[in-house]
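Engineer:
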Amino acid sequence: MRTRHRTTRPVRTTRPVRSARPVRTARLLGSLLLVAAAGVSSFAAAPAPSGAAEAPLTPLGRIVPAPMKAEAGGAGYEITARTRIRVGSPEERRVGEYLAKVLRPSTGYELPVTTGEGGDGIRLRISAEPENKVLGGEGYRVISTRGSLTITSWSDAGLFHGVQTVRQQLPAAVEKKTKQRGPWRVAGGTIKDMPRYGYRSTMLDVSRHFFTVDQVKHYIDQAALYKMNKLHLHLSDDQGWRIAIDSWPRLATYGGSTQVGGGKGGYYTKAQYKEIVAYAASRHLEVVPEIDMPGHTNAALASYAELNCDGVAPPLYTGTAVGFSSLCVKKDVTYDFVDDVVRELAAMTPGEYLHIGGDEAHSTSHEDFVAFMDKVQPVVAKYGKKVMGWHQLAGAEPAEGAVAQYWGYDRTGAAEREQVVNAARNGTKLVLSPADRSYLDMKYTADTPLGLSWAGLVEVRRSYDWDPGTYLQGVPADAVMGVEAPLWTETLSTSAHLDYMAFPRLPGIAELGWSPAATHDWEQYKGRLAAQAPRWDALGIGFYRSPQVPWPAR
Ligand code: ACM
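Using mature numbering (1 follows the signal peptide of the UniProt record, and there is no 0), the letters of the sequence shown map in sequence onto residues -46 to -1, 1 to 508.
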């Protein structure tokens, strides 16, 4: 089944934006009951631990993503010049050092990370106690009392997520890089938290415009703050090939030599790619690399004439059309190419998945598309990875264990949807990134200076107000592995551009991936989201001040 043609037409001002789905009363009532049953705090502030309240105390649990359970109570912990970060194992130390790096510049405190015994200070503990195990491989508990702030988890990933919670409980000024006035207090009580989904992703398109290693690291830090755990890197497309492949060197040196608009482009050396992978891992994100095939391949076709059916290399491409390129499905050399690329990429990718694209193959016949996927999926398995593909993979024969990424939108045809639903019923897992909800490159309104609008205008509420568990009718809830917020970059070329399109929508998709469905409530969410604004200001994130959100005055 062919997809709709994705275009980069100018904003359609005539097409009304579909209003957000109303919250069903029954669901809302159910949510309130569940929240009450779970003892989620009503966000009443705990008493100040000492003296007059100089800095506003963030009520326990008033964070993004919403925690599973927050029980406020008692005096909370205050970080002072005497605070130590107490760790035991090397894993605890790594998370402790990370926390210290966040806290030291703004607090001005020494915050030694120490293995010394003691019941006070900030205590980081990984242990297999039943209370931790029940929260799974990414869950954690934060216990804030006058004497100590304890984060416990079954794993270092959970400990790291707990640290993100503590960051958000502290005043926003903690994010600044120079010494600020405290006090540095965390409200008293206990948070127990674990994710709804194990796959919480954002994608960065480094092909349409190239982004440097430092820019990618910056984006990773932003995703980590909201407990995302996957970074999907769109490494190849018509406009640029961005990863060095030793057996086909011109892919990077020539295919990576430009970008949309004709700039100089760029590519990651293998060492640089590994540096990104390692940095992401240090923030508990797994890199999912994508080589988009058989369409979106002009950069490769331009680099090697033999990959073209007619043996003639096309010129490099710097426009924004889609659907015009295809690898030559009938040539043997195509599969030598795929084997080499997948082998080299898999060897430097510790993560489980390798994304093979498959979207908008409008210049490949359906028969060829199916034949291509039949040959390429086993190559991914041969090199020890699981196949991910855009949901057009469902139109071929998804391999055992393959994951399809749904990127449809309100005008996606019923037949195409049905194909995805059937694949899910037959065991293919889904990651949901509906283009008119989670695509971070869609304009917010017709006036948004950046972005595209082919899937519609996506304001903050629309982006947040859907349920991954019920979004695709007929899909078994357990077929949904998680969500992704893709950031395509046809119109985006700087980190400031990325910030403006990702914020405030990225935290909303992160919340859909993390928080229990019972906490889903726009009215409540928009307040928590608004409270993030001073943090973004402190971090230098220039975000879109949506009129839908009650931002605090600056
Ligand atoms: C896509 O937006 N072409 C996956």
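Heads up, the beta-carbon is just placed ideally off N, CA and C, and yes, glycines get one too.
DSSP on Ala507, reduced to helix/strand/coil?
Structural biologist: Residue state, collapsed to three classes: coil.
Engineer: Check each candidate in Ala177, Arg482 and Ala350 and name the one with the smallest Cα separation from Ala439.
Structural biologist: Residue Ala177 is the option with its Cα nearest to Ala439.
Engineer: Output the boundary residues of the alpha helix (DSSP H) element that contains Trp476.
Structural biologist: Element bounds for Trp476: Trp476 to Ala484.
Engineer: In the DSSP assignment, find the unbroken beta strand (DSSP E) run with Val241 in it and report its ends.
Structural biologist: Here the beta strand (DSSP E) through Val241 covers Glu240 to Met247.
Engineer: Which same chain residues, not among the five before or five after Ile174, have their C-beta less than 7 Å away from its C-beta?
Structural biologist: Excluding positions up to five away in sequence, the list reads Leu185, Tyr233, Ala234, Arg237 and Leu239.
Engineer: Is Ala389 close to ligand 1? I mean its beta-carbon at under 8 Å from any heavy atom of the ligand.
Structural biologist: Indeed, a heavy atom of ligand 1 lies less than 8 Å from the Cβ.
Engineer: Just the C-alpha distance for Pro332 and Gly355, rounded to the nearest angstrom, thanks.
Structural biologist: Whole-angstrom Cα-Cα distance: 11 Å.
Engineer: What's the gap between the Cα of Val(-24) and the Cα of Ala198?
Structural biologist: The predicted model places Val(-24) with a pLDDT of 29, which falls under 50 and marks its position as unreliable, so this point remains unresolved.
Engineer: Work out the CA separation of Arg379 and Ala369 for me, nearest whole Å.
Structural biologist: If I take the Cα positions, the gap works out to 15 Å.
Engineer: Cβ-heavy atom distance between Val287 and ligand 1 below 8 Å?
Structural biologist: No.
Engineer: Strictly by DSSP, which residues pair up with Leu144?
Structural biologist: Reading the sequence as shown, one finds Thr at residue 144 and not Leu. Answer is Glu25 and Ile97, bridged to Thr144.
Engineer: I want to know whether the segment 438 to 453 touches the segment 150 to 163 - three or more CB-CB distances under 8 Å.
Structural biologist: Taking 8 Å as the limit for Cβ pairs, the verdict is that the segment 150 to 163 does touch the segment 438 to 453.
Engineer: Taking the straight line between their C-alpha atoms, what separation do you get for Leu189 and Val128?
Structural biologist: Whole-angstrom Cα-Cα distance: 34 Å.
Engineer: Can you check which of these residues, Asn252, Val287, Cys263 and Glu260, is closest to Phe278 by C-alpha distance?
Structural biologist: Phe278 has its Cα closest to that of Asn252, out of Asn252, Val287, Cys263 and Glu260.
Engineer: Can Leu89 and Ser107 be called in contact, C-beta distance under 9 Å?
Structural biologist: Result yes, Cβ atoms of Leu89 and Ser107 sit closer than 9 Å.
Engineer: List in chain order: all unbroken alpha helix (DSSP H) runs of 4+ residues lying wholly within the segment 309 to 365.
Structural biologist: List check, alpha helix (DSSP H) in window: 320 to 336.
Engineer: Let me know the secondary structure DSSP gives Arg(-20) once reduced to three states.
Structural biologist: Note that Arg(-20) has pLDDT 33, beneath the 50 cutoff, so the model's placement of it is unreliable and the number below is only indicative. Correct three-state label for Arg(-20): helix.
Engineer: Buried or exposed: which applies to Lys397, given that a residue is buried once 16 or more other Cβ atoms fall within 10 Å of its Cβ?
Structural biologist: Buried: at least 16 other Cβ atoms inside 10 Å.
Engineer: Report yes if the CB atom of Tyr289 is closer than 9 Å to the CB atom of Lys340, and no otherwise.
Structural biologist: It is not a contact, given that the beta carbons lie outside the stated cut-off.
Engineer: Quick check: what's the CA-CA separation for Ala485 versus Leu11?
Structural biologist: Between Ala485 and Leu11, the C-alpha separation is close to 12 Å.
Engineer: Determine the burial state of Thr382: buried for a count of at least 16 other Cβ atoms within 10 Å of its Cβ, exposed for fewer.
Structural biologist: Its Cβ being crowded by 16 or more others within 10 Å, Thr382 is buried.
Engineer: Whole angstroms is fine: what's the gap from Thr399's alpha carbon to Ala450's?
Structural biologist: Rounded to whole angstroms, Thr399 to Ala450 spans 18 Å at the Cα level.
Engineer: Where does the unbroken alpha helix (DSSP H) through Ala439 begin, and where does it stop?
Structural biologist: That residue, Ala439, is in no alpha helix (DSSP H); its beta strand (DSSP E) goes Val434 to Leu441.
Engineer: Note down the Cα distance separating Gly210 from Arg139, rounded to an integer number of angstroms.
Structural biologist: Roughly 48 Å separates the two Cα atoms.
Engineer: Please report how far the alpha carbon of Ile105 lies from the alpha carbon of Asn86, in whole angstroms.
Structural biologist: Each residue's Cα considered, the two are about 10 Å apart.
Engineer: Going by C-alpha distance, which of Gly367, Arg135, Gly50 and Ser392 is nearest Leu103?
Structural biologist: Residue Gly50 is the option with its Cα nearest to Leu103.
Engineer: Would you be able to state if there are at least three C-beta pairs under 8 Å between the segment 257 to 272 and the segment 296 to 312?
Structural biologist: The answer is no - the segment 257 to 272 does not touch the segment 296 to 312, with fewer than three Cβ pairs under 8 Å.
Engineer: Just to confirm my understanding: we take Gly215, look at its own chain, exclude 5 residues before and 5 after, and list those with CB closer than 7 Å. What are they?
Structural biologist: Excluding sequence neighbours, Gly215 sits near Thr272.
Engineer: Using the Cα positions of Arg38 and Glu71, report the straight-line distance between them to the nearest angstrom.
Structural biologist: Distance between the alpha carbons of Arg38 and Glu71 is about 11 Å.
Engineer: For Ser500, does the three-state DSSP call read helix, strand or coil?
Structural biologist: It is coil, neither helix nor strand.
Engineer: State yes or no: is the C-beta of Glu465 within less than 9 Å of the C-beta of Val67?
Structural biologist: No, these two residues do not count as a Cβ contact at 9 Å.
Engineer: Using only CA atoms, which one of Val242, Lys228, Asp192 and Pro243 lies nearest to Gly219?
Structural biologist: Residue Asp192 is the option with its Cα nearest to Gly219.
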